[in-house]
Each structure stands twice: as structure tokens, then as C-alpha cells.
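Residue numbers (this note's numbering): 241 to 552.
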Amino acid sequence: MKYSVEIPNGWKMNLAMIKDPVAAYEAMTNVAKAADEDGYESIWMVDHFHTVPRPSQEVTFETWMSLAAMARDTRRVRIGQIVTCNSYRNPALLAKMASTFDVLSHGRLNFGIGAGWYEHEYRAYGYPYPDAPERLRMLREALQVILAMWTQEEATFEGRYYQVRGAINQPKGVQKPHIPILIGGGGEKVTLKLVARYGDACNVLGDLETIRHKLAVLKAHCEMLGRDFATIHCTTGAVCSIAEDDETALALLPPSVRNQLRDTSLVGSPQTIRRRIAALEDAGIHELILDFPMSATDLIPIHRFAREFVAR
């Protein structure tokens with residue numbers, strides 16, 4: 241099992257206690273540095289503009305700009321988006337951004353992308369908000385555009401939503417044959433089929449039963465397309481709070497987080513967390529993206545989890 245850290249960018253109100261935006265950025269990058277130094281596999285950041293559960297005036301840092309800065313603040317850890325909303329950036333431009341990012345990070349980019357869902361952001365920023373099937377059709381075309389930009393000398397694609405005609409993308413990035421693509425979402429008819437066709441990794445969420453089911457669906461799509469399911473890196477997210485006993489670990493969480501825990505949440509003593517990790521590994525998960533809810537102001541849980549699990 242690989243262990244990674246979700247960087248608090250404000251979307252979950254996890255920077256609200258820090259009123260100076262410069263101090264909030266420094267708190268974010270301190271989390272990234274801790275993950276880098278403690279041996280975690282990667283760091284990830286959500287791609288959102290407004291806070292949840294409701295939009296507010298609290299800071300929410302833009303993902304690609306923030307992670308580019310963190311690429312310079314770290315040396316070893318891989319860096320990804322969980323996940324980029326396809327609708328927010330033209331895919332040819334996004335491919336160019338990713339190629340540049342891969343170079344400036346010395347080949348450490350995990351490119352995460354999904355169809356998008358947060359309607360309020362679309363409306364507020366003036367983006368069209370088509371229905372889910374159309375957003376997924378747009379994602380399918382975008383993936384083809386991005387791969388063309390990463391592999392062709394002069395990319396060409398004629399689609400319903402996107403067209404590129406001789407687009408040059410230099411540099412194309414460091415990683416070969418191209419930057420790895422993680423596709424987020426668990427839609428069984430379309431999203432997981434896109435993973436089987438275009439993805440190097442997936443990100444599925446839910447309880448253990450849901451994760452097992454989604455990965456079984458993904459495996460079936462792979463078999464239908466002639467893809468080796470074993471070549472797909474399977475990830476999920478998990479809230480993490482570690483303490484001497486389960487009750488103390490639970491009490492450390494904000495009430496809003498406690499109300500949303502699943503049987504995949506890593507909350508409890510090291511022994512409890514170890515059992516839950518084993519169950520996730522048995523379900524087919526290769527990497528856990530950990531959300532330490534208080535990490536913007538307290539790095540101790542990140543360090544402790546690393547000592548108990550990452551170092552092993």
C-alpha cells in the first residue's frame with residue numbers, strides 16, 4: 241500500500257482559521273513539505289473555486305498554481321490533482337500546462353481529471369453546465385485531445401466539443417510514454433469505461449462494499465476492451481485521525497467530519513487503522529490519499545502516521 245496526503249487548499253473550510261492568505265499558503269506548503277520529508281508517495285489537491293458545504297468568502301486556492309509552487313517547495317513526492325475539472329480549462333491548454341508542470345517538477349506529475357460536478361462554481365464563473373452525459377462526452381473528447389498533445393508532433397483532433405489543428409506542444413513533459421492519467425469518478429457505464437480505455441489510474445470513493453463493486457465493474461470493462469486490469473493503479477480517499485485509542489482519535493475530528501465517516505475511514509488507534517488498511521488492500525486499493533482534517537494547523541498526525549505506517 242502507498243500512502244499520500246491531500247493538501248488543504250480551503251475548499252473544505254480547512255484554512256478558515258487562518259485569516260492572512262499568505263499565512264494560509266505557508267500552512268499549505270508546510271503540509272506538502274511534511275509529506276515530502278516523511279516519505280509519503282504523493283500529494284494531491286482538489287480543483288475547486290468555492291468552499292463547501294456552501295460557498296463562502298473563505299480562501300480557496302487555485303489548484304494548478306498552488307501545486308506548481310509546491311513542486312518547487314518539495315523534492316521527492318509526486319504531485320497530482322484529485323481531480324482537475326475538465327470544464328474549467330480548454331483541454332489543449334490543460335495538456336500544455338501539464339507538460340510544463342511535469343518538466344518543472346522533474347517528472348513528478350500525476351495528472352488527475354474528471355467530468356466536473358459542482359454546479360454552483362460553473363454558474364458563478366460563467367461556464368455552461370450541461371447535463372452529466374454531455375459532461376462525460378466532453379471528458380471523453382478531452383482525454384483524446386490531451387493524449388494527442390502529449391504524443392503527436394502536431395496534434396490534430398476534430399470532435400464535437402474540441403478541435404485542435406496542428407497544435408505544437410513543446411516540451412511534452414519528462415515521463416514516458418506520457419504523463420500518467422488518473423480519471424476520477426465511479427460512474428459504471430461511462431467513467432469507469434474511460435478509465436479502462438485511457439486511464440493509468442482511477443480514484444473511486446465509498447464504503448468497502450462500494451469500492452469492491454466499482455473495481456469489479458472496472459475489471460469487466462478492461463476485459464471487454466482487452467486491457468490488463470493489473471496495469472491500472474487504484475486509489476481512494478480516506479479521512480485520517482490517529483491516536484492511542486479509537487475514542488480519542490474520533491474526538492480529534494471536527495463534528496462535520498465525524499458525521500461523514502465510513503468503514504474506510506482511518507480513524508482510531510494504530511491497530512484499528514492497520515485492520516482497515518488491510519481491508520482496503522484486500523478490496524484492491526493500491527494507494528490511500530489521506531485527508532488529515534486539521535493538518536493546516538497541526539502536522540503531528542501526519543508525522544505520526546508516517547512513523548507508524550509509511551516508514552514500515
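Beta carbons: idealized from backbone N, C-alpha and C, even for Gly. This one's a predicted model, so the numbers in the text were calculated from it and none came from an experiment.
Excluding five sequence positions before and after SER481, the CB atoms of its chain that fall closer than 6 Å to its own CB belong to ALA489, LEU492, LEU493 and VAL507, given in chain order. Within a 10 Å sphere around the beta-carbon of ASP287 sit 16 or more other beta-carbons, which makes this residue buried. In the DSSP assignment, the residues bridged to SER481 are VAL507. The three-state reading of DSSP puts PHE289 in coil, since its state is none of H, G, I, E or B. Within the segment 303-348, the complete beta strand (DSSP E) runs of at least 3 residues fall at 318-321. Three or more Cβ pairs closer than 8 Å define a contact, and the segment 262-270 falls short of that threshold against the segment 420-429. Straight through space, the alpha carbons of LYS259 and HIS461 are spaced by roughly 47 Å. A distance below 7 Å between beta-carbons, with the five flanking residues on each side excluded, links THR291 to the following residues of its chain, in chain order: GLY250, TRP251, MET253, GLU298 and THR300. Proximity of the segment 270-278 to the segment 529-541 meets the contact definition, three or more beta-carbon pairs being nearer than 8 Å. Here TRP251 carries a coil assignment [DSSP, helix/strand/coil]. Note: LYS242 is bridge-paired with GLU527 in the DSSP secondary-structure output.
With a contact defined as Cβ atoms closer than 8 Å, HIS526 and HIS473 qualify at about 5 Å. The Cβ-Cβ distance between VAL479 and ASP447 does not fall below 8 Å. Taking C-beta atoms as the reference points, LEU344 and ALA382 fail to come closer than 8 Å.
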